[in-house]
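Note that the protein sequences, when read in sequence, are chains A and B. To convert, note that position 202 of the first sequence is 202 in the numbering used here; the numbers rise steadily by one, no gaps. Residues are numbered in the numbering used here as their position in the second sequence, beginning at 1, plus a constant of 1000. Below is one structure; the comments refer to it alone.
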Amino acid sequence: MTSPTAQAREQEADPRGTSGHPVRGINHMAFPTFDPVGTIHFYRDVLGLPIVQTMQVKAWGPEYQRDFVHFFFDIGNADCLAFFYYFGQKPYHDENLPPLLDLGKHVALHVDTLEDLDRLQKRIEAAGLKLDMRVMHETVESIYVRDPNNILIEIARPLRQLTAADAVDAEVTAQALLDVLASNGEPTLDALWNRKAELIASRVPA
Amino acid sequence: MTTLYFLDAAEFTDVSAVAAAQPGAQMERLLGYVKVTSDGPLVVDRRATGVRHAVWYSALAAVGHGRVVQYDKDALKVEPAP
């Protein structure tokens, strides 16, 4: 059995607790594209992410399936960002997606340093594209740009390492959210703040 | 007693310090948080903290025995719960 001290030390060394589960990053995230020309230009030529795997597939399976090309861009750590181009499929865009929900759906790529972030910003701007924004968040600095598929791409560099305190706070916040949603009251940020304070107080040794 | 918690992280240090600098406020570090308490209301002037907006609006981690009555570009004000 691991001692509490050893557990705390392990948590400091691995604040996200990733050693406790078998998942290692993203194998791939996939999106449909109606603009493979723009997509390949954006990821391969502008961002410099090589295409590392493709498949050309004859339609099979469900009736709605179409012949397609599936292509994968390397995004580091052997992870990939992938796209499907379906031959003959009419473009579809959800014109009614509220802006709030549109912003909430995005892909964030990681770079290690400020220099890396600046370099990618320069490549994006040199290609004639405009950044949506550049923001110093809490623990990352990010640039945002729309890819040719209107997917919001964030590129983030760390401002500090995450700590055990971040992981504890995440656990407390998640529990507070679950508790607030399970209660009879209206789920609000005020209710979450109050519930978090109760949970923190309950963790203080008597 | 009105209680505010801020995550004990570098980006929030200036916010918790301004909160704790008010007359009657007390501060302690607790379980990864900075806890600021007061018998009365707690007010934090955003400009006094010097933090950027993206940090300001996520600085407040928890509120005990209090009610947030203002949280905008100017200030965070928490009053004792009735």
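No residue lacks a Cβ here, since even glycine has one placed at the ideal position from N, Cα and C. Predicted model, so just to flag it, every value in this text is computed and none were measured.
For residue i, the first and last residue of its enclosing alpha helix (DSSP H)
i	result
Arg195 (chain A)	Leu189 to Arg203
Glu125 (chain A)	Leu114 to Ala126
Arg146 (chain A)	Arg146 (chain A) -> not in any alpha helix (DSSP H); beta strand (DSSP E) instead, spanning Val140 to Arg146.
Ile40 (chain A)	Pro36 to Ile40
Leu178 (chain A)	Ala164 to Ala182
Within chain B, the residues that residue i reaches when beta carbons sit closer than 8 angstroms
i	result
Met136 (chain A)	Arg1052, Ala1054 and Val1055
Val168 (chain A)	Leu1031 and Gly1032
Residue i, buried or exposed, once every other Cβ within 10 Å from all chains shown has been counted against 16
i	result
Lys105 (chain A)	exposed
Leu47 (chain A)	buried
Gln161 (chain A)	exposed
Ala1010 (chain B)	exposed
Arg119 (chain A)	exposed
Thr5 (chain A)	Residue placement at Thr5 (chain A) cannot be trusted, given a pLDDT of 45 that sits under 50; the coordinates are not used to answer.
Lys58 (chain A)	exposed
Gly61 (chain A)	exposed
Gly1032 (chain B)	buried
Asn27 (chain A)	exposed
Asn184 (chain A)	exposed
Val1078 (chain B)	buried
Val1036 (chain B)	buried
Element boundaries [beta strand (DSSP E), containing residue i]
i	result
Gly1064 (chain B)	Leu1060 to Gly1064
Leu958 (chain B)	The requested residue 958 (chain B) is not part of the displayed model; chain B covers only 1001 to 1082.
Ala1075 (chain B)	Ala1075 to Pro1080
Beta-carbon separation (whole angstroms), residue i vs residue j, contact threshold 8 angstroms
i	j	result
Val1068 (chain B)	Asp179 (chain A)	In fact, because the Cβ distance is near 18 angstroms, the residues do not count as touching under 8 angstroms.
Thr54 (chain A)	Phe83 (chain A)	Between Phe83 (chain A) and Thr54 (chain A) the Cβ distance is about 10 angstroms, and since that is not below 8 angstroms, they are no contact.
Val1015 (chain B)	Ala1059 (chain B)	4 angstroms
Ile51 (chain A)	Phe71 (chain A)	6 angstroms
Arg1052 (chain B)	Met136 (chain A)	6 angstroms
Asp1074 (chain B)	Arg1046 (chain B)	6 angstroms
Residue i: contacting residues in chain A (beta-carbon distance under 8 angstroms)
i	result
Leu1060 (chain B)	Trp193
Proximal chain A residues relative to residue i, where beta-carbon distance stays under 9 angstroms
i	result
Gly1064 (chain B)	Trp193, Asn194, Lys196, Ala197, Glu198, Ile200 and Ala201
Val1068 (chain B)	Leu189, Asp190 and Trp193
Proximal chain B residues relative to residue i, where beta-carbon distance stays under 7 angstroms
i	result
Ala165 (chain A)	Leu1007, Asp1008, Ala1009 and Gly1032
Per-residue contacts from residue i into chain B (C-beta, under 9 angstroms)
i	result
Val204 (chain A)	Leu1030 and Leu1031
Determine which residues of the segment 133 to 160 of chain A have a Cβ less than 8 angstroms from any Cβ of chain B, and write them out in chain order. Answer set for the segment 133 to 160 of chain A: Val135, Met136, His137, Glu138, Thr139, Leu159 and Arg160.
Using a Cβ-Cβ cut-off of less than 9 angstroms, give me the residues of the segment 1003 to 1033 of chain B that come near chain A, in sequence order. Within the segment 1003 to 1033 of chain B, the qualifying residues are Thr1003, Leu1004, Tyr1005, Leu1007, Asp1008, Ala1009, Ala1010, Glu1011, Phe1012, Leu1030, Leu1031, Gly1032 and Tyr1033.
Counting only Cβ-Cβ distances shorter than 9 angstroms, please list the residues of the segment 180 to 191 of chain A near chain B, keeping chain order. The segment 180 to 191 of chain A vs chain B, Cβ under 9 angstroms: Leu189 and Asp190.
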